[in-house]
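Numbering (my numbering), first residue to last: 1 to 280. Don't be surprised by glycine CBs; every beta carbon is placed ideally from N, CA and C.
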Amino acid sequence: MRIATWNVNSVRARVERVVAFAERAGIDVLLMQEIKCKPEQFPFAPFEDAGYAVEVHGLNQWNGVAIASRLPMEDVERSFPGMPGFKKGYDGDDAPLEARAISALIDGVRLWSLYVPNGRALDDPHYAYKLTFLEALRQYVVDTLAADPDLPLALTGDFNIAPTDADNGDPSIVEGVTTHVSPAERAAFQALLDAGLSDVVRPIVPEGFTFWDYKQLRFPRDEGLRIDFILGSAGFADVVEGASIERDERKGEGPSDHVPVVVDLSLEEEDEDDLPMIFG
DNA sequence: ATGACGGCTATCAGCCGA
Numbered sequence: 001m002r003i004a005t006w007n008v009n010s011v012r013a014r015v016e017r018v019v020a021f022a023e024r025a026g027i028d029v030l031l032m033q034e035i036k037c038k039p040e041q042f043p044f045a046p047f048e049d050a051g052y053a054v055e056v057h058g059l060n061q062w063n064g065v066a067i068a069s070r071l072p073m074e075d076v077e078r079s080f081p082g083m084p085g086f087k088k089g090y091d092g093d094d095a096p097l098e099a100r101a102i103s104a105l106i107d108g109v110r111l112w113s114l115y116v117p118n119g120r121a122l123d124d125p126h127y128a129y130k131l132t133f134l135e136a137l138r139q140y141v142v143d144t145l146a147a148d149p150d151l152p153l154a155l156t157g158d159f160n161i162a163p164t165d166a167d168n169g170d171p172s173i174v175e176g177v178t179t180h181v182s183p184a185e186r187a188a189f190q191a192l193l194d195a196g197l198s199d200v201v202r203p204i205v206p207e208g209f210t211f212w213d214y215k216q217l218r219f220p221r222d223e224g225l226r227i228d229f230i231l232g233s234a235g236f237a238d239v240v241e242g243a244s245i246e247r248d249e250r251k252g253e254g255p256s257d258h259v260p261v262v263v264d265l266s267l268e269e270e271d272e273d274d275l276p277m278i279f280g
């Protein structure tokens, strides 16, 4: 099974690019973030024509997550237990939820497509929301793995954190000045790992960014950030047999500012591509 | 070229993104 996570920065603006990539790369499950639309606005037809069913969680023009799969999706969940909400003028507990998390069980693997809040600025309420969101996510992982320690579980998506200095090549992102690199954000990311997850891509792809700002020639200068991850439980990491960061998807006409991150899993059931061509 | 930001709507200005 080949999965990919991708912040597409509006699925309507580049649906042809997104579906073409999924087909060309042989993606079985595409976990999308920032679809920027409601379900009734989602361009289902190009996905369905390519053999993908799609589960969508979108409330308005902001955020939005979806999963396109050509394998059966079971037990779809929207938002994770304990996920906080956010809205200007509301405080803490009664703020409505945003569309930042969707999950499905596919071939026994619990996959999440997550769009972690940006944070905006260190003194912005959105920054506190980001840290609360990450702590709730950590608690979800702890509870889920306590109930089922062997579960193949993966958190995929845009975490909006550059965990190490090597993950920050953008000179406008500075510790003490901007979000994405603060000690508190990095500690929250580390706490997810301490809860029983590991970055399954980094051991295979040790270098490289997943995002380059549209501004300031960031891509040609390779001044990007590594902020999109696939974090897997032990039961997930054990079946990872390959990974890639699809840097070429930042090139050409109308790219997203993020590129896909891909992982290959070796699951017993799925061997069609490896069998000899006995039927011609 | 990988080249100076792009997507959205309560649109032609303002918000959001990282």
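Nearest by alpha-carbon distance to residue i: which of the options is it?
i	options	result
V259	N9, E246, Y52 and R17	E246
E55	L30, A68 and F219	A68
P72	W62, G89 and G108	G108
L156	V18, R14, V15 and L31	Rather than Leu, the amino acid found at residue 156 in this sequence is Thr. Cα-wise, what sits closest to T156 is L31.
L192	H180, V201, V141 and E207	V141
S103	G64, N118, A243 and P125	G64
A95	A101, P84 and L105	P84
F211	L225, V201 and S198	L225
Looking at the structure shown, is residue i part of a helix, part of a strand, or coil, going by DSSP?
i	result
Q33	strand
F236	helix
F86	coil
V18	helix
A243	strand
L225	strand
A4	strand
L193	helix
A25	coil
S266	coil
What does residue i pair with, by DSSP beta-bridge criteria?
i	result
T179	Beta-bridge pairing links T179 to no other residue.
L114	A101 and G157
E207	Note: E207 sits in no beta bridge, so no partner.
V261	T5 and I245
L122	Note: L122 sits in no beta bridge, so no partner.
N168	L225
I230	T156
V201	In DSSP, V201 forms no bridge with anything.
V174	Looking at the DSSP assignment, V174 forms no beta bridge with any residue, so it has no partner.
Could you tell me the boundaries of the alpha helix (DSSP H) in which residue i lies?
i	result
D143	P125 to A147
A53	Here A53 belongs to no alpha helix (DSSP H); instead the beta strand (DSSP E) covers A53 to H57.
P96	Where P96 is concerned, there is no enclosing alpha helix (DSSP H), given that its DSSP letter is neither H nor E.
A162	It is not in any alpha helix (DSSP H) - A162 carries neither H nor E in the DSSP assignment.
E48	F44 to D49
Taking residue i as part of the beta strand (DSSP E), name the residues at either end of that continuous run.
i	result
A68	V65 to S69
E77	E74 to R78
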